[in-house]
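Take a look at the structure set out below.
The structure is reproduced here in structure tokens:
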């Protein structure tokens, strides 16, 4: 049983570190299990400014053999894209930093996702290099599918 702080209490440094480590470990496990989702918390807009994302309709997910990208922030179109990956590599260095490279192809998009997650944190920086179009950049937490809150539309393309 874990005691949660009430509204007025602040977490100690150790409690924050323990939560971040648990989130990191859950993210790494979900990446290895191919069962994760990333809903961007922020992204680089076309004018170069960093904007906050408040819409969970934008996401990148890995659901077993299927990858999904939805929303202009993560795939530069309005569709729910069902993607095939020709490469899904994960490397973890000595410091615990996770680097992923996912090359995807779908009916409406094609490109490479480069994902970096720093050790002891589940927040990832993502660069999507499209084969045609501009490069997209966004940041957000990688979480297991089971605990994720995102809005996947039906009828993926």
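In my numbering, the protein residues as written are 54 to 210.
All C-beta atoms, glycine included, are put in the ideal place defined by N, C-alpha and C.
Small disclaimer: the values here were computed from a predicted structure and weren't measured.
Item, Value
"Distance between beta carbons of residue 92 and residue 200, contact taken as under 8 Å", "In fact, because the Cβ distance is near 12 Å, the residues do not count as touching under 8 Å."
"Nearest-angstrom Cα separation, counted from residue 67 out to residue 111", "33 Å"
"Boundaries (first-last residue) of the alpha helix (DSSP H) holding residue 74", "66 to 86"
"Residue 163 to residue 188 span [Cα, whole Å]", "12 Å"
"Residues that residue 177 bridges to, as DSSP identifies them", "170, 193"
"Beta-bridge pairing of residue 152 - partner residues as DSSP gives them", "144, 169"
"Distance between beta carbons of residue 208 and residue 133, contact taken as under 8 Å", "7 Å"
"Reduced DSSP category for residue 199 - H, G, I as helix; E, B as strand; rest coil", "helix"
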